[in-house]
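J.: One structure follows; several queries about it will come next.
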DNA sequence: ATCATATATGCAGCATTATGCATATTATGC
DNA sequence: GCATAATATGCATAATGCTGCATATATGAT
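Protein chains in written order, with the numbering used here: chain A, 5 to 119; chain B, 5 to 119.
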């Protein structure tokens, strides 16, 4: 029983032990985000991002919802944000890459507003 | 710079992602402990425990001090205990295995006192 | 000096995982 | 229906890490 507890926790930590996944989680604690946004932020191939999202999803760490063509991911457990705050500090502003094709990065001419 | 931050954190989480190391850290947040105590608690070969301790030590997560033949390890950063509390809950009583040869498990006839 | 105990280190085989690539699925617009 | 865009999945291989074993060092006792 105690051993199972450790097993469970190590699996959780394992998810955090790779920078792509950690970066995804860090981004998600700011706000939910669609795959194409995460793809832009990470600067990695779509397939790769999607694969990491699957890992996180199957572990129950993130959840997703579909909106038209887009799939939005979000953190699924407040503990995750808690852990991230300890190691990464307070959450900052949402990342707004200039070349991101996603609606949230393009609404309200937000790109123009970026310095 | 931001990338380096993630790198650093993933390395930390990686340390937590294996049950032997996690168990060591969990044990250490109760109190400092000598290698032979950890060895008994984990039920693993001495060489193995020693190796994991080295990994933790080189990462700066634990520190050690020598007392005669024994080497005592302790947590080196309060953040570690903080993280563990989130995922493992409040720290419990120190583990006192009946067959542990270490002085702290044998002082004051503490073994007899165990039910 | 010799022996026993506690701890540390180096190395190698095995298992696990990461990463990239090709392709499948699903939704939208025409 | 077809084309396109967003996302997901499967697979192969390269990389990484676990784990056990043999051995080294250091301390204390006789």
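Even glycine gets a Cβ: it sits at the ideal position worked out from N, Cα and C.
Since this is a predicted model, take the numbers as computed values, not measurements.
(1) Anyone know if the C-beta pair for residue 26 of chain B and residue 14 of chain A falls short of 7 Å?
(2) Between the alpha carbons of residue 63 of chain A and residue 110 of chain B, how many angstroms are there, rounded?
(3) Between the alpha carbons of residue 47 of chain A and residue 103 of chain B, how many angstroms are there, rounded?
(4) Does DSSP classify residue 13 of chain B as helix, strand or coil?
(5) Which residues of chain A have a Cβ atom closer than 7 Å to the Cβ of residue 10 of chain B, listed in chain order?
(6) Tell me which residues share the same chain as residue 30 of chain B and place their Cβ nearer than 7 Å to its Cβ, disregarding the 5 neighbours each side in the sequence.
(7) Could one say the Cβ of residue 83 of chain A lies closer than 7 Å to chain B's Cβ atoms, at least one of them?
(8) What's the call for residue 37 of chain B, buried or exposed, on a 16-neighbour Cβ count within 10 Å?
(9) Whole angstroms is fine: what's the gap from residue 23 of chain B's alpha carbon to residue 96 of chain B's?
(10) Ends of the alpha helix (DSSP H) at residue 35 of chain B?
(11) With 8 Å as the limit, tell me which residues of the segment 71-95 of chain A have their beta carbon closer than that to any beta carbon of chain B; keep them in chain order.
(12) Output yes or no for whether 7 Å exceeds the beta carbon distance between residue 41 of chain A and residue 106 of chain A.
(13) State yes or no: is the C-beta of residue 58 of chain A within less than 7 Å of the C-beta of residue 67 of chain A?
(14) Excluding the five sequence neighbours on either side, which residues of its own chain have a C-beta within less than 7 Å of the C-beta of residue 76 of chain B, listed in chain order?
(15) Can you tell me where the alpha helix (DSSP H) with residue 80 of chain A in it begins and where it stops?
(16) Along chain B, in chain order, which residues have C-beta atoms closer than 9 Å to that of residue 18 of chain A?
(17) So, is the C-beta of residue 45 of chain B closer than 7 Å to a C-beta in chain A?
(18) Closer than 6 Å by C-beta to residue 98 of chain B: which residues in its own chain qualify, once you throw out the five before and the five after it? Chain order, please.
(19) On the CB-based measure, 16 or more other CB atoms within 10 Å of its CB, does residue 21 of chain A come out buried or exposed?
T.: Reading off the structure:
(1) yes
(2) 42 Å
(3) 54 Å
(4) helix
(5) 23, 26 and 27
(6) 88 and 92
(7) yes
(8) With 16 or more other Cβ atoms within 10 Å, it is buried.
(9) 18 Å
(10) Counting along the chain, residue 35 of chain B falls outside any alpha helix (DSSP H), and DSSP gives it neither H nor E.
(11) Per Cβ criterion, the list reads 83, 86, 87, 90, 91 and 92.
(12) Result yes, Cβ atoms of residue 41 of chain A and residue 106 of chain A sit closer than 7 Å.
(13) no
(14) Excluding residues within five positions, the ones whose Cβ falls inside 7 Å are 36, 37, 38, 68 and 69.
(15) Segment: none, residue 80 of chain A is in no alpha helix (DSSP H) and carries neither H nor E.
(16) 17, 18, 20, 21 and 22
(17) False, the Cβ-Cβ gap to chain A never drops below 7 Å.
(18) 34 and 35
(19) buried
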